[in-house]
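Novice: Residue 0 is where the sequence shown starts when you use numbering that gives the first Met the number 0, and the numbers rise one by one after that. My structure is below; once you've seen it, I'll send some questions.
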Amino acid sequence: MLILVTNDDGYLSKGLSTLIRVAKNFGNVYVVAPLHGSSGLSHSITMKIPIRVKEHKTNENGVKFYICSGTPVDSVKLALNKILPRKPDLVLSGINHGSNSSISVIYSGTMAAALEASMNGIPAIGFSLLDYDEDADFTASEYYAKVIIEKIIKNKKKYPQGVALNVNIPKCSLKKIKGIKIVRIAKGVWKEEFDERVDPHNQKYYWLTGGFHNYEPDAIDTDEWVLKNNYISIVPVHADITAYFAFEYLRKLKL
Numbered sequence: 000m001l002i003l004v005t006n007d008d009g010y011l012s013k014g015l016s017t018l019i020r021v022a023k024n025f026g027n028v029y030v031v032a033p034l035h036g037s038s039g040l041s042h043s044i045t046m047k048i049p050i051r052v053k054e055h056k057t058n059e060n061g062v063k064f065y066i067c068s069g070t071p072v073d074s075v076k077l078a079l080n081k082i083l084p085r086k087p088d089l090v091l092s093g094i095n096h097g098s099n100s101s102i103s104v105i106y107s108g109t110m111a112a113a114l115e116a117s118m119n120g121i122p123a124i125g126f127s128l129l130d131y132d133e134d135a136d137f138t139a140s141e142y143y144a145k146v147i148i149e150k151i152i153k154n155k156k157k158y159p160q161g162v163a164l165n166v167n168i169p170k171c172s173l174k175k176i177k178g179i180k181i182v183r184i185a186k187g188v189w190k191e192e193f194d195e196r197v198d199p200h201n202q203k204y205y206w207l208t209g210g211f212h213n214y215e216p217d218a219i220d221t222d223e224w225v226l227k228n229n230y231i232s233i234v235p236v237h238a239d240i241t242a243y244f245a246f247e248y249l250r251k252l253k254l
């Protein structure tokens with residue numbers, strides 16, 4: 000198999016190294032990862048400045064590694080169009096340092112990379128660990144990433160077109176993980192606060208802060224609930240954001 004690995008935390012992240020190690024079990028691996036951390040960039044692309052790519056490591060342990068100056072989605076686009084010898088069989092993104100559950104999937108560079116692959120008809124999985132520490136323990140993540148990837152590969156012919164899997168792993172030891180749950184995203188929202196400050200030139204500037212508010216904390220079929228209870232969550236997502244339920248309302252307006 001030909002496998003593309005990318006992320007949004009930058010090419011030096013521990014999570015990326017972990018995912019590369021897992022991917023090597025299943026085929027030939029190409030890595031195209033951003034030069035800098037790109038968390039929260041969602042599906043952004045670079046258009047007004049050049050994108051540069053340089054080879055980082057040449058065929059080290061069967062892995063070809065490239066660094067991209069652009070976003071996670073830039074990395075996938077360049078890989079598919081200029082770097083890979085053919086269309087990959089699988090795209091893996093992560094392992095992200097921090098959660099991409101619930102509405103965070105909208106902002107996630109990790110999941111944007113996976114969705115970009117799915118839009119091109121490639122099975123894709125984004126992995127995230129609920130630990131923001133640069134030196135986080137990825138033992139459980141590595142174990143379960145291998146389990147999930149192996150099952151997807153074995154059933155690749157039936158993989159649903161245009162779908163990416165959003166996999167989140169709770170911050171706990173391997174022994175404490177209770178299993179895997181297929182769930183939906185929890186309804187919630189990030190409630191932002193902006194810390195206002197003044198620079199030495201007497202100009203205002205702001206730091207974004209705030210927290211996530213779960214609107215349905217007791218719903219047991221959501222990613223937030225299963226993660227809180229030490230299960231791994233898998234949410235299948237796709238790029239079609241059409242609100243089909245709103246069609247009838249709009250038809251009645253007779254626009």
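Every residue gets a Cβ at the ideal spot worked out from N, C-alpha and C, and that includes glycine.
1. Check the DSSP bridge columns for PHE126 and list the partner residues they point to.
2. Please return the same chain residues whose Cβ sits closer than 7 angstroms to the Cβ of ASP73, not counting the five positions on each side in sequence.
3. Which one or two residues does DSSP pair with ALA32 in a beta bridge?
4. Could you tell me which residues DSSP puts in a beta bridge with PRO235?
5. On the DSSP bridge list, what partners appear for GLU192?
6. Just to check my reading of the structure: VAL188 and ILE102 have Cβ atoms closer than 8 angstroms, yes? What is that Cβ distance to the nearest angstrom?
7. Which residue wins for smallest C-alpha separation from ALA32, given the options GLY39, ALA163 and VAL52?
8. How about ILE257 and ILE82: are their beta carbons less than 9 angstroms apart?
9. Who are the Cβ neighbours of ASP198 in its own chain at under 6 angstroms, not counting the five residues just before and after it?
10. Assign LEU77 to buried or exposed, taking buried as 16 or more other Cβ atoms, counted over all protein chains shown, within 10 Å of its Cβ.
11. Give the range of the beta strand (DSSP E) segment to which VAL90 is assigned.
12. Do HIS35 and GLY14 count as a contact pair if the criterion is CB distance below 9 angstroms?
13. Going by the DSSP bridge assignment, what does TYR10 pair with across the sheet?
14. Skipping 5 residues on each side, what residues in its chain have a beta carbon closer than 7 angstroms to that of VAL234?
15. Just list the residues that DSSP pairs TYR181 with in beta bridges.
16. Can you list, in chain order, the residues of its chain with a C-beta nearer than 6 angstroms to that of GLY161? Leave out the 5 residues immediately preceding and following it.
17. Taking 8 angstroms as the limit between beta carbons, can you name the residues of its chain near THR138, skipping five residues before and five after?
18. List the endpoints of the continuous alpha helix (DSSP H) containing THR138.
19. Can you say whether ASP7 is buried or exposed, counting buried as having 16 or more other CB atoms within 10 angstroms of its CB?
20. I need the straight-line Cα distance from LEU254 to TRP206, nearest angstrom please.
21. Following the continuous beta strand (DSSP E) through LEU1, name the residue where it begins and the one where it ends.
22. Quick one, are the C-beta atoms of LEU89 and PHE193 less than 9 angstroms apart?
23. Which of helix, strand or coil does DSSP assign to GLU54?
24. My output table needs one value for THR241: the three-state DSSP class, helix, strand or coil.
25. Whole angstroms are fine: how far does the CA of PRO216 sit from the CA of GLU54?
Specialist: Once the coordinates are examined:
1. DSSP lists VAL166 as the beta-bridge partner residues of PHE126.
2. Only ILE44, THR45, ILE50 and CYS67 meet the Cβ criterion.
3. Paired residue(s): ILE66.
4. As DSSP reads the structure, PRO235 sits in a beta bridge with LEU164.
5. Per DSSP, the beta bridge partners of GLU192 are THR208.
6. Here VAL188 really is in contact with ILE102; their C-beta atoms are around 6 angstroms apart, less than 8 angstroms.
7. Among GLY39, ALA163 and VAL52, the Cα nearest to that of ALA32 belongs to VAL52.
8. Limits of the chain in this structure are 0 at one end and 254 at the other, which puts residue 257 out of reach.
9. Residues TYR204 of the same chain have their beta carbon placed closer than 6 angstroms to that of ASP198, with the five preceding and five following residues left out of the count.
10. That one is buried.
11. Where VAL90 is concerned, the enclosing beta strand (DSSP E) stretches over 89-96.
12. No, the pair does not count as a contact, with Cβ atoms beyond the cut-off.
13. As DSSP reads the structure, TYR10 sits in no beta bridge.
14. Closer than 7 angstroms at the Cβ level, and outside the excluded window around VAL234, lie ASN165, VAL182, ARG183, ILE184 and ASP222.
15. The question names Tyr, but residue 181 in the sequence shown is Ile. In the DSSP secondary-structure assignment, ILE181 is bridged to ILE233.
16. SER117 and HIS237.
17. The residues are SER172 and LEU173.
18. Element bounds for THR138: 138-153.
19. Flag for ASP7 reads buried.
20. Between the alpha carbons of LEU254 and TRP206 lies a gap of roughly 42 angstroms.
21. For LEU1, the uninterrupted beta strand (DSSP E) segment begins and ends at 1-5.
22. Not in contact: LEU89 and PHE193 (Cβ atoms no closer than 9 angstroms).
23. Three-state result, GLU54: strand.
24. Coil, per DSSP.
25. Looking at the two C-alpha atoms, the distance is approximately 45 angstroms.
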